[in-house]
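Here's the structure, in structure tokens; my notes come after.
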Amino acid sequence: MGEWGFLSSLLDAVQEHSPMVGRFWLVVMLLFRILVLATVGSDVFEDEQEEFVCNTQQPGCKPVCYDAAFPISHYRFLVFHVVVLSAPAALFVIYAVHQAAKPGRGARPVQACYVGSVVARVAAELAFLAGQGLLYGFRVQPLFVCRRRPCPHRVDCFVSRPTEKTVFILFYFAVGLVSALLSLAELAHLLRKGRRREAEEPGAPPRANLTV
Amino acid sequence: MNWGVFEGLLSGVNKYSTAFGRIWLSLVFIFRLLVYVVAAERVWSDDHKDFDCNTRQPGCRNVCFDHFFPVSHIRLWALQLILVTCPSLLVIMHVAYREAKAQRRRAVEGDNCRRVYLDPGKKRGGLWWTYLLSLVFKAAVDVIFLYIFYRFYRNYTLPHVVKCELMPCPNIVDCFISRPTEKNIFTLFMVVTACICIMLSLIEATYLIGKRCRECLGAQREQSREHRRDCALSPAESPETGGQVFQGVDYKPPTASIPASTPQDEEALP
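First to last, the protein sequences are chains A and B. Residues in the first sequence are numbered consecutively from 85, following our numbering. Residues in the second sequence are numbered consecutively from -10, following our numbering.
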């Protein structure tokens, strides 16, 4: 669980540059995604292969059927999801620190980079929501019927804790929806603020502070 | 990221809480979070592995376990702890928002500008409502989870043996739950602490509302007394309260000369 500490401290560094909506997104990300994944998620999916049972004694049938049932585990998919969502924020922090080291460059490049990171984040959120729905659906079935070699015939395989896993992926999908809406709200807010600033002072340089 | 970082996030809540809020926070950290991390997780760690059914039929154990434990206690408690502490973070964020606003105003107008908030951490105006709503939400979350536990696990207890006849079990099969007594003790402990936390939240909400009502009535009485005394004054001299009756939690009606700052400064914007 300690490996998530690096990511959470990186995300913390972004909040200095974020408006209020962005900070809400960060809280949702840290609490409802990373913390839940690290504590609840890892336990729910820990024994998924060990407790995946097939109604056969044929050696090799169980691993082959598990691979057919879960080409990529839900848990790994969600971890990948978190990492991809954190990437734009991390890149922004690196760029902001790099720009801060060079005085006199103005705030416009940093601001543009932040808006770009929010756009990338929105795209990633929507893509993963669609991916989660298409790949896994919204229910983990308790029974998986397997016909792959070397299984001798149609074999019934039973998934461990299907209800708990269903609740967990539904919860994660709901958090994903909330997170996507917050990201969209933040993007709208940033674009509106930028347009308003341009209208008020068309020639003046933008202020460095991105916060509300 | 682990529960330690979570505790770090919440340690800032202490500053903006009432005495009841601090007791609630201590209760949650010591009797719920610590017990969960140190003890409860270990008790439930082998719940699936040691769930034994009196059959060799593959799949029967999985299906029966899923039926009798749709969502494990330990997962529900983790979600409950996360959700119940979220509202406190909202209070911190509201205070941070106020501080940022005051800072921006100072940056724009200089250090001698009119202060929007005398103390961004004082529960006045919008922050009072945020705090009150956070208390209601915390109590509601605990109540909802207690109800969920009651629906899933009758009387909050687990039997030693359960009978299962779901497919593919060939007949009515006896399944044995691992460590049922220990699990019952921990479940009852967590239920009792949740009930105490609900009561504390409700008492705190009542205290806040009562205090605010008392101050409003006190201000109204003071205002009517001032109005009767000053009814001969010219219209240019406004009463000290300036018509404001919605004062802060710590507002004390002035008894001496008119203070330097106007009452509008004391009333915080959301």
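Cβ coordinates follow ideal geometry from the N, Cα and C atoms, glycine included.
Looking only at B:THR7, B:ILE71, B:HIS83, B:PRO59, the smallest Cα-Cα distance to B:PHE18 is reached by B:ILE71. With 16 or more other Cβ atoms from the protein chains shown falling within 10 Å of its own Cβ, B:THR74 counts as buried. By the Cβ test, the segment 232 to 247 of chain A is in contact with the segment 44 to 64 of chain B, since at least three Cβ pairs between them sit closer than 8 Å.
DSSP lists no beta-bridge partner residue for B:VAL130. Counted as a single uninterrupted DSSP element, the alpha helix (DSSP H) harbouring A:VAL251 occupies residues 246 to 284. Rounded to the nearest angstrom, the gap between the Cα atoms of B:VAL97 and B:LYS90 is 11 Å.
Any Cβ of chain A closer than 8 Å to the Cβ of B:VAL60 would place that residue at the interface, and such an atom is present.
Around the CB of A:ILE118, 16 or more other CB atoms lie within 10 Å, so the residue is classed as buried.
In this structure, DSSP gives B:PHE40 a state outside helix and strand, which the three-state scheme calls coil. A residue is called buried once 16 or more other Cβ atoms fall within 10 Å of its Cβ, and B:PRO76 is buried on that count. Residues of chain B with a Cβ closer than 8 Å to the Cβ of A:VAL167 do not exist; the shortest Cβ-Cβ separation is about 13 Å. Taking a contact to require three or more Cβ pairs closer than 8 Å, the segment 232 to 241 of chain A and the segment 204 to 217 of chain A do not qualify as touching. Rounded to whole angstroms, the separation of the alpha carbons of B:LYS200 and B:LEU189 is 16 Å. Close to chain A, meaning a Cβ-Cβ distance shorter than 7 Å, are the following residues of the segment 41 to 55 of chain B: PRO47, GLY48, ASN51, VAL52, ASP55. Going by DSSP, B:PHE165 is part of the beta strand (DSSP E) stretching over 162 to 165. In the same chain as A:PHE252, and ignoring 5 residues on each side of it, the C-beta atoms closer than 6 Å to its own belong to VAL128, in chain order. Neighbours of A:VAL128 across chain B, judged by C-beta separation under 9 Å: SER61, ARG64. The DSSP-derived three-state label of A:ASP151 is helix. Shown here, B:LEU155 sits in coil according to DSSP, grouped into three states, outside any helix or strand.
DSSP, reduced to helix, strand and coil, places A:VAL229 within a strand of the structure shown.
Nearest C-alpha to B:PHE175 among B:ILE137, B:HIS62, B:CYS164, B:THR119: B:HIS62.
The segment 264 to 275 of chain A and the segment 194 to 202 of chain A touch, with three or more beta-carbon pairs separated by less than 8 Å.
In the structure shown, B:ASP55 falls within a helical segment according to DSSP collapsed to helix, strand and coil. Judged by DSSP in its simplified three-state form, A:CYS138 adopts strand.
When 9 Å is used as the limit between beta carbons, A:VAL124 is near these residues of chain B: ILE63, ARG64, ALA67, LEU68, ILE71, in chain order. In the DSSP secondary-structure assignment, A:VAL239 is bridged to A:CYS230. Chain-ordered listing is empty here: chain A has no CB closer than 7 Å to the CB of B:CYS158, the nearest sitting near 11 Å. Residue-level contact by beta carbon fails for A:SER170 and chain B, as no gap is shorter than 8 Å.
With respect to the 8 Å criterion, A:CYS235 and A:GLN142 are classified as neighbours on the basis of their beta carbons.
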